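In my numbering, the protein residues as written are -11 to 207.
Data block below; observations after.
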Amino acid sequence: MGWSRRYIRAAFHLNGGATVCGERGVVRMALLSSAVEMAQEMVSKAVREGDWAVDATAGNGHDTLFLARLVGENGRVIAFDVQEEALQNTRLRLQRESLLSRVRLVRDGHEAMPHYLERKVAAVMFNLGYLPGGSRDIITRPQTTISGICAALDLLQEGGVVTIVVYTGHPGGEEEKEAVLEWCSRLDQQRFTAVFCRNINRAKKPPFLITVEKHSPSP
Ligand SMILES: C[S@@+](CC[C@H](N)C(=O)[O-])C[C@H]1O[C@@H](n2cnc3c(N)ncnc32)[C@H](O)[C@@H]1O
-11 MGWSRRYIRA
-1 AFHLNGGATV
9 CGERGVVRMA
19 LLSSAVEMAQ
29 EMVSKAVREG
39 DWAVDATAGN
49 GHDTLFLARL
59 VGENGRVIAF
69 DVQEEALQNT
79 RLRLQRESLL
89 SRVRLVRDGH
99 EAMPHYLERK
109 VAAVMFNLGY
119 LPGGSRDIIT
129 RPQTTISGIC
139 AALDLLQEGG
149 VVTIVVYTGH
159 PGGEEEKEAV
169 LEWCSRLDQQ
179 RFTAVFCRNI
189 NRAKKPPFLI
199 TVEKHSPSP
């Protein structure tokens, strides 16, 4: 079936699901998508044109590019990574799309987030683990990840979301999962809603998503 790009995009938003291109260009709609796609879907509901947003783990720049598109030309994205290789990959991805001017790339840990932000943000995206295609020895670690999430929740505007995609297939991943789940499950329910979402019938160890939304303070 030859669907136009515009139709596919509209259908994606109407269904709140993912678009999958199968064999011979056949297009089908998937309501349930991967943890990474679901994170983007959550963030797209919270971010408006002109907002500020953070990519806490720039990596190869997929989420940074997604956020740069979402905030529009009056918005701003701050993207953190501890590796120059990751920031360079992100820079190239943004340059290819002429969107580098909307993004500040910061070579620092996300735990230092408060030093780089002068205003509240609508969304912060974490994608934990190691840089795909890079060294597997440089990974996110429980202590700095939790400091980063804590900073992100402070910087978040009401109605904003923090998304955390967690991987457990690498050494250190299980430990980080336990720490992040434990910490998020103790968040004050008057101030935040924290939701855990995981594929339960996939082989190997699929990543899962934690989304935290900040409430307006009760009167
Ligand atoms: C799974 S990758 C991120 C993938 C990225 N979202 C993308 O779209 O390609 C995780 C990244 O976190 C980075 N990282 C590790 N510790 C960090 C920290 N404390 N602060 C910020 N980034 C960190 C790694 O260097 C790595 O590039």
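Cβ atoms here follow ideal geometry from the backbone N, Cα and C, with glycine treated the same way.
For clarity, every value in this text was computed on a predicted model and none was experimentally measured.
Taking C-alpha positions only, V154 is separated from L88 by approximately 27 angstroms. In the pairwise beta carbon analysis, the region 136 to 156 is classified as touching the region 105 to 116: at least three pairs are separated by under 8 angstroms. Relative to ligand 1, even the nearest heavy atom lies 7 angstroms or more away from the CB of H103. In this structure the region 15 to 31 lies against the region 191 to 205, because at least three pairs of beta carbons, one per stretch, are closer than 8 angstroms. Residue environment: L80 is assigned as exposed (fewer than 16 neighbouring CB atoms within 10 Å of its CB, all protein chains considered).
For Q177, no beta strand (DSSP E) segment is defined, and its DSSP state is neither H nor E. Checking the DSSP bridge columns, you'll see A23 has no partner listed. When Cβ pairs closer than 8 angstroms are counted between the two stretches, the region 26 to 46 is seen to touch the region 58 to 70, the count reaching three or more. Inside the region 132 to 203, DSSP marks whole alpha helix (DSSP H) runs of 4 or more residues at positions 161 to 173, from first to last along the chain. With fewer than 16 other Cβ atoms from the protein chains shown falling within 10 Å of its own Cβ, E170 counts as exposed. Taking the Cα of G49 as reference, the smallest distance to any Cα among E29, Q71, E201 and G63 is reached at Q71. Between ligand 1 and T132, a heavy atom-to-CB distance of less than 7 angstroms is present. In this structure, C172 is the residue among E162, A46, C172 and I126 with its C-alpha nearest to the C-alpha of S135.
DSSP places R36 in the coil class of the three-state scheme, outside both helix and strand.
Boundaries for R57: no beta strand (DSSP E) harbours it, while the alpha helix (DSSP H) harbouring it runs H50 to V59, taken from the DSSP string. Proximity of the beta carbon of E99 to ligand 1 is indicated: a heavy atom of the ligand is located closer than 7 angstroms.
For Q71, the shortest C-beta to heavy atom distance toward ligand 1 is below 7 angstroms. Straight across, the Cα-Cα distance linking R174 with E162 is about 19 angstroms. CA-to-CA, the gap between G157 and T132 works out to about 19 angstroms. In the three-state reduction of the DSSP assignment, V31 falls in the helix class, which pools H, G and I.
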